[in-house]
Amino acid sequence: MRAAASAFAGRGYDGASVDAIAASVGLSKGAVYAHFPSKLELYLGVLASLLEQAEWRLERVAGAVRDGSSPMEAARHYLGLAGDAQHAALMSELWRTAAIEAHIRGIVERFVEERLGSLSRAAVERGLPPAAALEFAQSVARFIDAELLYRRVDDAAGQVAGS
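Residue numbering for the sequence shown follows my numbering, beginning at 91 and increasing consecutively.
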């Protein structure tokens, strides 16, 4: 799964090949297909791990919300961990593939809904009334998305400059 995550982060869903993923870990393409019947199923496996990681990161953000951080300060708790570059790349790719794959779009919609619920609950626990908590949570979520996008663009620019 790590090799697949690296390939999807580096080349995107469309650019990653099962052949290259298999070769990078010394397997045949058939061995990969024995566990994942399609490239999409392999990608969904990577996404499951990515979204688990995102939930853990959101717990850090929710803690900052409960502790009184501003929306921007709270959002900064999402990043600052090992693996940020790959996480930002995979999250960006998740949003991109959601635009073209209905199944992925459903996954993103559930994630966005759950994220908003988690952040809203944290804001209510902080003492904000429900309507204000929802607005606060929406602001935090937008800052997280912006930070991910900026990180992805910065990392991609660094790769281009380094080559």
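Here a beta-carbon is modelled for each residue, glycine too, at the ideal position from N, C-alpha and C.
Could you tell me the boundaries of the alpha helix (DSSP H) in which residue i lies?
| i | result |
| --- | --- |
| residue 200 | 192 to 216 |
| residue 167 | Segment: none, residue 167 is in no alpha helix (DSSP H) and carries neither H nor E. |
| residue 160 | From DSSP, residue 160 is part of no alpha helix (DSSP H); its letter is neither H nor E. |
| residue 153 | 129 to 156 |
| residue 181 | 174 to 188 |
Among the residues of its own chain, which have a CB less than 6 Å from the CB of residue i, if the five just before and after it don't count?
| i | result |
| --- | --- |
| residue 99 | 176, 179, 180 |
| residue 244 | none |
| residue 150 | 167 |
To the nearest whole angstrom, what separates the beta carbons of residue i and residue j, a pair I think is in contact under 8 Å?
| i | j | result |
| --- | --- | --- |
| residue 122 | residue 112 | 5 Å |
| residue 189 | residue 152 | Not a contact, Cβ separation roughly 28 Å. |
| residue 216 | residue 147 | Actually they do not touch by this definition, with Cβ atoms about 19 Å apart. |
| residue 237 | residue 165 | 6 Å |
| residue 242 | residue 169 | Between residue 169 and residue 242 the Cβ distance is about 11 Å, and since that is not below 8 Å, they are no contact. |
Could you check if residue i is buried or exposed, using at least 16 other CB atoms within 10 Å of its CB as the buried criterion?
| i | result |
| --- | --- |
| residue 232 | exposed |
| residue 234 | buried |
| residue 194 | buried |
| residue 247 | exposed |
| residue 133 | buried |
| residue 103 | buried |
| residue 220 | exposed |
Once you ignore the five residues that flank residue i on each side, which residues in its own chain have a CB closer than 8 Å to its CB?
| i | result |
| --- | --- |
| residue 140 | 95, 177, 180, 181, 184 |
| residue 136 | 91, 94, 95, 98, 180 |
| residue 163 | 154 |
| residue 118 | 112 |
| residue 114 | 93, 96, 97 |
| residue 202 | 231 |
| residue 158 | 216 |
Output needed for residue i: all residues of its chain with C-beta closer than 7 Å, excluding positions within five of it in sequence on either side, in chain order.
| i | result |
| --- | --- |
| residue 223 | 210, 213, 214 |
| residue 126 | 132, 135 |
Whole beta strand (DSSP E) elements within the stretch 93 to 118, 3-residue minimum: Look at the stretch 93 to 118 and you find no whole run of beta strand (DSSP E) that is 3 residues long or longer.
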